[in-house]
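Chemist:
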Amino acid sequence: MIPLHYKCRTYLAASLVFSSLLYTSCGESGSTQAQAGGQGGSAAKTAMADSEPRSKDPRLEGARRALAAGQASSARTQLDQLGAAAGVEGPLCEARLAFWNREVIEALAAVERARKIAPNDSRVFATAAELLALTERGADADDELKLGLAQAGPTPDIRRAQAVRMLTQPGRGPEALALLEAALAAAPELPYMAWPLSQAYLLTARSDLGLGETEVAIEHALEALSLDPKLSYAYVVLGDGYAGTLDFVSSLEAYGKAAEAGIDVRREQADTHMRAGMAARMVKNHGAAVAHYLAARDLGLSNLEMSSGADYLKSQANLALTAAADAEIAGKLDLAEEHLEEALRMDPRSLEALDFLGSIRFRGADFAGAAVAWEVLLGYERESAESRESTTHLNLARALVLGERAVEARGALDAYLEAWPDGPLAAETREMILRLPE
């Protein structure tokens, strides 16, 4: 099953940018892993026509490799050296280079130059269809594909272009993957495959999650990342998939990588920490349970949202309070302080723990530390209207005076009288003010 928080995300939109088409795929065939994985059985049944012979000119191959490595200037140099010797493939590669440079008009013009050289070459129709699809001209891309199928048949290039078009349409990721794998099986050296394959694997993984096929989703997400390690949304799918298999460590690691890439996955991380905390409680691994619940809280979950997790943290805080009391009785004030700090880590608003901590620090002559504990406690008491009956302001004033901060001590005492001029501790407060050092 998949996590209840799983939401449909538009993974493709962030990837359909000009840079995606060239840097990850121009002139490169798919990886061995990509060729072997996925829906090869159904893809093998896809009709496929023979592809046109490809140039083996080392300059053209070098230009393709340069584009794939993001070395546009090197590709430009080698294409210039080729000139007309590149045949139809020259302007087609020029088209992709122009597209990389966000020069769409120039890219389509280069396709038309290729069309004049070889009007029935499937690669011309395929390149035009891909560029049109990626510039939100789907209808024009469909027209190019129809013409290509009529003139050249379903060659691997046409199948690749059909898959690219599918990647721009909702819910067609698995179909695109089947076509790409069929094309790759028919033409292992088919160029421009890494980008569409990575996108198809990602979208198929997302579809797998929707069908509850979490293990397959994980495999497909990993395939996408093997082709494009920067495909950060694949980490979100991977995190969802691992969470569905109860592998919370791997899930949190994947979400962490998505967060590093700038994706907001705090809710997914928090929910996974909650589930991991419950799993740890089931096997009585209280340390891990506390760590996961605290992480969920740090990610923004309220006590209401944490439900039993918040109750669990309070119960663990009470155990730490008991341990602190035992340590105090044994005269181990340092140990008692450690237990109290642990209690406050789990229940930061524990009034009892704050007061106890202030007292322990005061007895140890840590007047500054005691003042901090009592000042925080006083703030919470004021919020809950408990400060009228409390002696916290008196304890705070004593710690401040002994810490040579008499002015601040007077402020704490004056604040009580301002709020409760006739309060039960008003007389004692005034008496302490009279005894304050100048």
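Position in the sequence shown counted from 1, then plus 4, gives you our numbering. Note that beta-carbon positions come from the ideal geometry of N, C-alpha and C, so glycine has one too. This structure is a prediction, so every number in the text was calculated from the model and none was measured.
At what residues does the alpha helix (DSSP H) containing residue 50 begin and finish?
Modeler: Residue 50 -> no alpha helix (DSSP H), and no H or E assigned at all.
Chemist: Are the beta-carbon atoms belonging to residue 125 and residue 156 less than 9 Å from one another?
Modeler: Going by C-beta atoms, residue 125 is nearer than 9 Å to residue 156.
Chemist: For a quick check, are the C-beta atoms of residue 360 and residue 328 less than 9 Å apart?
Modeler: In contact: residue 360 and residue 328 (Cβ atoms closer than 9 Å).
Chemist: Which same chain residues, not among the five before or five after residue 122, have their C-beta less than 7 Å away from its C-beta?
Modeler: Cβ within range, chain order: 92, 128.
Chemist: Taking contact to mean 3 or more Cβ pairs, one atom from each stretch, closer than 8 Å, check whether the segment 303-314 and the segment 328-344 are in contact.
Modeler: The segment 303-314, when compared against the segment 328-344, does not touch it at the 8 Å Cβ threshold.
Chemist: So does the segment 396-405 actually touch the segment 381-388, counting three or more Cβ pairs closer than 8 Å?
Modeler: Judged by Cβ distances under 8 Å, the segment 396-405 makes contact with the segment 381-388, as three or more pairs qualify.
Chemist: Residue 194 and residue 187: beta carbons closer than 9 Å?
Modeler: Their beta carbons are under 9 Å apart, which means residue 194 touches residue 187 by this criterion.
Chemist: Tell me whether residue 86 is buried or exposed, calling it buried when 16 or more other Cβ atoms sit within 10 Å of its Cβ.
Modeler: Residue 86 should be labelled buried.
Chemist: Can you tell me which of 432, 295, 321, 283 puts its alpha carbon nearest to the alpha carbon of residue 351?
Modeler: For the residues 432, 295, 321, 283, the minimum Cα distance to residue 351 belongs to 321.
Chemist: Could you work out which residue in 99, 159, 139 is closest to residue 54 when comparing CA atoms only?
Modeler: Nearest of 99, 159, 139 to residue 54, Cα basis: 159.
Chemist: Grab me the residues of residue 51's own chain with a C-beta within less than 6 Å of its C-beta, minus the 5 sequence neighbours each way, in chain order.
Modeler: Here the set comprises 158.
Chemist: Would you say residue 362 and residue 347 are within 9 Å of each other, going by their C-beta atoms?
Modeler: Cβ distance not < 9 Å, so residue 362 and residue 347 don't count as in contact.
Chemist: With DSSP collapsed to three states, give me the class of residue 28.
Modeler: Unreliable positioning characterises residue 28 in this predicted model, as indicated by a pLDDT of 36, which lies under 50. A coordinate reading is not provided.
Chemist: For residue 304, which residues of its own chain have a beta-carbon under 7 Å away from its beta-carbon, when the five flanking residues on both sides are left out?
Modeler: Hits under 7 Å: 270, 274.
Chemist: Using the beta-carbon count (16 or more within 10 Å), is residue 77 buried or exposed?
Modeler: With fewer than 16 other Cβ atoms within 10 Å, it is exposed.
Chemist: At what residues does the alpha helix (DSSP H) containing residue 178 begin and finish?
Modeler: First-last of the alpha helix (DSSP H) with residue 178: 177-190.
Chemist: Quick one: give me the first and last residue of the alpha helix (DSSP H) that residue 326 is part of.
Modeler: Element bounds for residue 326: 312-333.
Chemist: Taking the alpha helix (DSSP H) that residue 200 falls in, what are its first and last residues?
Modeler: Residue 200 -> alpha helix (DSSP H) spans 198-214.
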